[in-house]
Amino acid sequence: MMPEAAGLPTLTGDSEPVLEFDLRVDRADFSLQAAGQFGPGITAVFGPSGAGKSTLLGAIAGSVSPASGHIALFDRMLYSSAHNVNLSPERRRVGFVYQDAALFPHMSVQSNIEYGYRLTPSDRRRLKPNDLADLLAISHLLQRRPAELSGGEKQRVALARTLATSPELLLLDEPMSALDIRLRGIVIGYLRLVHRELAMPMVYVSHSISEVLAIADAAMVLDNGRVTAFDAPRRLLNRVSVGENDASDFAVDNILEGQIVESHTSGAAGKVRIGSALITAPTGHREFGEKVVVAIGSQEIIVATERPSGISARNVLGGAIKSIDGDGPTRIVTVDCGADLMAEVTAAAIVELGLETGKQVYLVVKSSSITVMDAFRDQSATGAR
Amino acid sequence: MNSDLSIVLLSLQIAGLAMALVIPLGIATAWLLARRNFRGKFILEAATTLPLALPPVLVGFVLLWATGGNSWPGRAVNSLFGVDIVFTWVAAAIAAAVVAFPLSVRAFTSAIAGVDSRLEVAARGLGAGPLRVFFTITLPLAYRGVLAGVLLGFVRAFSEFGATIVIAGNIPGRTQTVPSAIFTRISTGDDAAVWRLAIVSVVIAIAALGAHNYLLRRSGDESRGASR
Numbered sequence: 000m001m002p003e004a005a006g007l008p009t010l011t012g013d014s015e016p017v018l019e020f021d022l023r024v025d026r027a028d029f030s031l032q033a034a035g036q037f038g039p040g041i042t043a044v045f046g047p048s049g050a051g052k053s054t055l056l057g058a059i060a061g062s063v064s065p066a067s068g069h070i071a072l073f074d075r076m077l078y079s080s081a082h083n084v085n086l087s088p089e090r091r092r093v094g095f096v097y098q099d100a101a102l103f104p105h106m107s108v109q110s111n112i113e114y115g116y117r118l119t120p121s122d123r124r125r126l127k128p129n130d131l132a133d134l135l136a137i138s139h140l141l142q143r144r145p146a147e148l149s150g151g152e153k154q155r156v157a158l159a160r161t162l163a164t165s166p167e168l169l170l171l172d173e174p175m176s177a178l179d180i181r182l183r184g185i186v187i188g189y190l191r192l193v194h195r196e197l198a199m200p201m202v203y204v205s206h207s208i209s210e211v212l213a214i215a216d217a218a219m220v221l222d223n224g225r226v227t228a229f230d231a232p233r234r235l236l237n238r239v240s241v242g243e244n245d246a247s248d249f250a251v252d253n254i255l256e257g258q259i260v261e262s263h264t265s266g267a268a269g270k271v272r273i274g275s276a277l278i279t280a281p282t283g284h285r286e287f288g289e290k291v292v293v294a295i296g297s298q299e300i301i302v303a304t305e306r307p308s309g310i311s312a313r314n315v316l317g318g319a320i321k322s323i324d325g326d327g328p329t330r331i332v333t334v335d336c337g338a339d340l341m342a343e344v345t346a347a348a349i350v351e352l353g354l355e356t357g358k359q360v361y362l363v364v365k366s367s368s369i370t371v372m373d374a375f376r377d378q379s380a381t382g383a384r
Numbered sequence: 000m001n002s003d004l005s006i007v008l009l010s011l012q013i014a015g016l017a018m019a020l021v022i023p024l025g026i027a028t029a030w031l032l033a034r035r036n037f038r039g040k041f042i043l044e045a046a047t048t049l050p051l052a053l054p055p056v057l058v059g060f061v062l063l064w065a066t067g068g069n070s071w072p073g074r075a076v077n078s079l080f081g082v083d084i085v086f087t088w089v090a091a092a093i094a095a096a097v098v099a100f101p102l103s104v105r106a107f108t109s110a111i112a113g114v115d116s117r118l119e120v121a122a123r124g125l126g127a128g129p130l131r132v133f134f135t136i137t138l139p140l141a142y143r144g145v146l147a148g149v150l151l152g153f154v155r156a157f158s159e160f161g162a163t164i165v166i167a168g169n170i171p172g173r174t175q176t177v178p179s180a181i182f183t184r185i186s187t188g189d190d191a192a193v194w195r196l197a198i199v200s201v202v203i204a205i206a207a208l209g210a211h212n213y214l215l216r217r218s219g220d221e222s223r224g225a226s227r
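First to last, the protein sequences are chains H and V. Position 245, counted from 1, in the first sequence is what numbering that gives the first Met the number 0 calls 244; the numbers after and before it change by one each time, with no gaps. Position 62, counted from 1, in the second sequence is what numbering that gives the first Met the number 0 calls 61; the numbers after and before it change by one each time, with no gaps.
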């Protein structure tokens with residue numbers, strides 16, 4: 000790549016970096032200084048509010064002007080103070096999905112999606128509006144106005160609208176913050192699907208570690224305008240003290256894909272297979288074989304060192320501890336019980352129970368604390384994965 | 000009665016041409032005021048508001064000085080068309096445009112400022128240039144407020160008197176508008192004829208202001224709905 004690339008923090012492994020930057024942004028009361036190479040996967044930019052996450056994204060998209068430095072996407076220079084290059088936003092081929100979707104309220108869903116598609120030169124159109132609408136399961140909404148959509152639908156339309164410009168990189172600025180946890184699981188599923196099906200590199204800004212863990216291959220941590228860590232998301236738990244910030248921001252949730260293997264027309268709890276684990280959960284009226292997404296709050300899972308008996312909780316899952324992450328008063332214990340489940344445990348309890356990697360433990364989960372959602376329209380069934 | 004009708008029609012024609020000048024210039028000015036920061040912005044702000052604060056007669060005097068036979072615009076028009084602007088219905092329209100401009104620009108500016116600028120940024124990100132963003136996003140979302148500004152400017156242009164009489168005079172059949180005809184009839188004591196034109200003025204004003212208020216209320220509803 001560029002000669003400036005030498006010495007930038009990188010997590011791209013064997014693959015060529017997609018995005019590379021080394022830049023400084025000066026504001027009256029704030030300055031951002033960040034450098035890195037992002038790979039073809041999903042890279043999260045993580046940190047508290049005001050850390051400079053959105054500023055970094057704006058600089059990549061072209062809506063924020065850096066004071067100096069460079070930004071390169073594949074082999075194209077988007078910005079370089081040394082070479083006096085500063086491409087306008089519409090020439091960067093960078094897609095942006097906003098926190099609040101920012102759909103055009105005076106246009107139908109279809110017109111929204113086609114807005115950027117029509118402006119994309121025909122030789123660069125790789126993704127068709129109709130295919131994207133199918134992929135994101137919004138085909139039935141095309142004639143509606145944005146005001147008639149739910150929050151999750153809005154984000155899917157915004158995603159389709161941006162993807163229809165066939166960007167080379169997708170930037171997402173806290174796209175979940177306006178959604179409740181159920182919708183977050185669904186939208187995360189769609190983002191994974193988009194990444195898998197379209198091989199779309201993404202930069203995902205979030206202040207929620209659960210989202211970062213659920214979606215990202217690598218994560219850059221920003222604090223007060225500086226990069227404090229750049230690593231695999233799971234390893235970041237060691238550096239970001241869980242529980243230091245607002246608890247709801249840092250609640251780690253298990254968001255897993257599964258399949259209904261037992262359900263009752265009465266609506267009583269059925270069974271979901273996740274990996275090789277069987278979990279009793281409120282499956283509602285879903286049918287046998289149906290694919291679902293299961294969300295379990297990490298705070299809802301109890302860790303026991305012996306198989307508990309005589310308890311009302313319906314799920315007792317045995318497995319070995321894969322890792323214990325975090326260094327605050329609250330730690331994340333990941334247990335392989337057929338599927339990897341994360342449980343939040345206090346540091347004191349870890350010492351008391353003698354928890355360590357490899358130790359056999361039992362996870363106790365009440366079925367009522369499990370949320371079963373409709374799966375995003377998954378095309379992995381056709382063999383792509 | 001027939002002369003009443005032709006007076007009203009001429010007034011509508013003058014106000015119409017005035018607004019044809021105000022709309023493009025006013026929207027461009029409003030966009031600059033609402034969306035751009037530049038050196039000397041306050042000068043533009045003051046200049047667009049000034050005609051509102053000055054006596055219209057003085058505005059007329061300044062226009063006379065700027066477009067008269069000895070000014071360069073006056074000379075340019077004379078050499079191109081062989082006529083003078085002053086004391087024509089076009090001069091009356093220019094006077095009406097100048098006094099209506101501040102009112103319209105104020106309404107246009109708040110209408111454009113009311114459009115969520117993130118939508119414009121989003122459109123830019125989707126590949127649209129600034130002009131396309133303006134015509135496909137900003138203007139369609141601001142149109143009620145813009146229309147309200149047009150109506151407000153129109154009633155002001157229709158009722159313009161002070162600047163008009165200086166630059167266009169009060170020539171029956173050529174530059175005599177509803178207000179200048181009312182002035183003439185008051186000075187000749189023809190009260191019945193004054194009342195006829197007064198009724199026309201009131202009807203046009205009420206219709207325009209009613210539509211203006213309705214549009215503003217609707218655009219308020221819409222921006223609240225869109226923000227959710």
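No residue lacks a Cβ here, since even glycine has one placed at the ideal position from N, Cα and C.
Inset, instruction - May I have the straight-line CA-CA distance separating F45 of chain H from F37 of chain H, to the nearest angstrom? - result: Near 14 Å, if we compare the C-alpha coordinates of F37 of chain H and F45 of chain H.
Inset, instruction - Would you tell me roughly how many angstroms separate the C-alpha atoms of V293 of chain H and S80 of chain H, rounded to the nearest one? - result: Just so you know, the alpha carbons of V293 of chain H and S80 of chain H end up roughly 47 Å apart.
Inset, instruction - Mind checking which residues open and close the alpha helix (DSSP H) that includes E351 of chain H? - result: For E351 of chain H, the enclosing alpha helix (DSSP H) starts and ends at A346 to L352.
Inset, instruction - Consider the Cβ of G357 of chain H: report whether some Cβ of chain V lies at a distance smaller than 7 Å. - result: Interface with chain V (7 Å Cβ-Cβ cutoff): G357 of chain H is excluded.
Inset, instruction - For A27 of chain V, count neighbouring Cβ atoms within 10 angstroms of its own Cβ and tell me buried if that reaches 16, exposed if not. - result: So A27 of chain V counts as exposed.
Inset, instruction - Kindly identify the DSSP beta-bridge partner or partners of R339 of chain H. - result: According to the sequence provided, residue 339 of chain H is Asp. The question's Arg does not apply to it. Note: D339 of chain H sits in a beta bridge opposite H:D335.
Inset, instruction - Find the residues of chain H that neighbour I136 of chain V, judging by a C-beta separation of less than 7 Å, and give them in chain order. - result: By Cβ distance, chain H contributes F103.
Inset, instruction - Taking only the alpha-carbon atoms, compute the straight-line gap between F153 of chain V and G15 of chain V and give it to the nearest angstrom. - result: Our two residues, F153 of chain V and G15 of chain V, have alpha carbons roughly 7 Å apart in a direct line.
Inset, instruction - If I'm right that A319 of chain H touches Q258 of chain H with Cβ under 8 Å, what's the distance once you round it to whole angstroms? - result: Actually they do not touch by this definition, with Cβ atoms about 24 Å apart.
Legend entry - G184 of chain H versus H:A34, H:G150 and H:L169, residue with shortest Cα-Cα distance: Checked all of H:A34, H:G150 and H:L169; the closest Cα to G184 of chain H is H:G150.
Legend entry - Contacting positions in the region 110-125 of chain V - beta carbon closer than 9 Å to chain B: In summary, chain B is missing from the structure at hand, where the protein chains are H and V.
Legend entry - Alpha-carbon to alpha-carbon, L56 of chain H and Y203 of chain H: Cα to Cα, Y203 of chain H sits roughly 9 Å from L56 of chain H.
Inset, instruction - Quick one: list the residues of chain V neighbouring L402 of chain H, beta-carbon separation under 8 Å, in chain order. - result: Nothing about residue 402 of chain H can be read from this structure; chain H reaches only from 0 to 384.
Inset, instruction - Look up G257 of chain H in the DSSP assignment and give the residues it is bridged to. - result: Assignment of beta-bridge partners to G257 of chain H by DSSP yields H:V291.
Inset, instruction - Would you verify that the beta carbon of A141 of chain V is, or is not, closer than 7 Å to some beta carbon of chain H? - result: For A141 of chain V, not one C-beta of chain H is nearer than 7 Å to its own C-beta.
Inset, instruction - Kindly say whether A127 of chain V, judged by its beta-carbon, lies nearer than 7 Å to any beta-carbon of chain H. - result: Output row for A127 of chain V: interface = yes.
Legend entry - Inter-residue spacing [alpha-carbon to alpha-carbon] between N169 of chain V and G128 of chain V: Between N169 of chain V and G128 of chain V, the C-alpha separation is close to 48 Å.
Inset, instruction - Could you have a look at I185 of chain V and say whether DSSP puts it in helix, strand or coil? - result: In the structure shown, the three-state DSSP call for I185 of chain V is helix.
Inset, instruction - Classify S64 of chain H as helix, strand or coil using the three-state DSSP reduction. - result: Of the three classes helix, strand and coil, the one that applies to S64 of chain H here is coil, per DSSP.
Legend entry - Which of helix, strand or coil DSSP assigns to R23 of chain H: It is a strand residue.
Inset, instruction - Take the Cβ of V304 of chain H as the centre, count every other Cβ of all protein chains shown within 10 Å, and call the residue buried at 16 or more, exposed below. - result: Looking at the sequence shown, residue 304 of chain H is not Val but Thr. Classification of T304 of chain H: exposed, given that the 10 Å Cβ count is below 16.
Inset, instruction - Measuring alpha carbon to alpha carbon, tell me which of H:P128, H:G266 and H:Q32 ends up nearest L221 of chain H. - result: Considering only H:P128, H:G266 and H:Q32, the residue with the shortest C-alpha distance to L221 of chain H is H:Q32.
Legend entry - Test: D248 of chain H CB closer than 7 Å to a CB of chain V: Note on D248 of chain H: pLDDT 43, under 50, position unreliable in the model; no value is reported.
Inset, instruction - Would you tell me roughly how many angstroms separate the C-alpha atoms of V82 of chain V and G67 of chain V, rounded to the nearest one? - result: Between V82 of chain V and G67 of chain V, the alpha-carbon positions lie close to 11 Å from each other.
Legend entry - Touching by the beta-carbon criterion (3+ pairs, under 8 Å), the region 186-197 of chain V and the region 129-139 of chain V: Touching, no, given that fewer than three Cβ pairs across the two stretches are closer than 8 Å.
Legend entry - Coarse secondary structure for N169 of chain V, derived from DSSP in three states: N169 of chain V: coil per DSSP, three-state reduction.
Inset, instruction - Might you give, ordered along the chain, the residues of its own chain that have their beta carbon closer than 6 Å to the beta carbon of P200 of chain H, omitting 5 neighbours on each side? - result: Residues of the same chain with a CB within less than 6 Å of the CB of P200 of chain H, apart from the 5 flanking positions on each side, are V17, P39 and L168 in chain order.
Inset, instruction - Please classify S240 of chain H: does DSSP put it in a helix, a strand, or coil? - result: Only weak support exists for where S240 of chain H lies, its pLDDT of 44 falling under 50; the value from the coordinates is given anyway. Coil, per DSSP.
Legend entry - Buried versus exposed, by CB contacts within 10 Å (16 or more), H284 of chain H: A residue is called buried once 16 or more other Cβ atoms fall within 10 Å of its Cβ, and H284 of chain H, having fewer, is exposed.
Inset, instruction - Using a threshold of 7 Å, state whether the C-beta atoms of V315 of chain H and Y361 of chain H are closer than that. - result: Going by C-beta atoms, V315 of chain H is nearer than 7 Å to Y361 of chain H.
Inset, instruction - Compare the C-beta of F20 of chain H with all C-beta atoms of chain V and state if any pair is closer than 7 Å. - result: Cβ-Cβ to chain V under 7 Å: no for F20 of chain H.
Inset, instruction - Look at the Cβ atom of R195 of chain H, then the Cβ atom of S165 of chain H, and state whether they are nearer than 7 Å. - result: Against a cut-off of 7 Å, the Cβ pair of S165 of chain H and R195 of chain H comes out as no contact.
Legend entry - Extent of the continuous beta strand (DSSP E) run through T42 of chain H: Unbroken beta strand (DSSP E) run through T42 of chain H: I41 to F45.
Inset, instruction - Can you give me the start and stop residues for the alpha helix (DSSP H) that I112 of chain H sits inside? - result: Run containing I112 of chain H: V108 to L118, per the alpha helix (DSSP H) assignment.
Inset, instruction - Tell me whether F73 of chain H sits in a helix, a strand or coil according to DSSP, three-state version. - result: The answer is coil: DSSP assigns F73 of chain H none of H, G, I, E or B.
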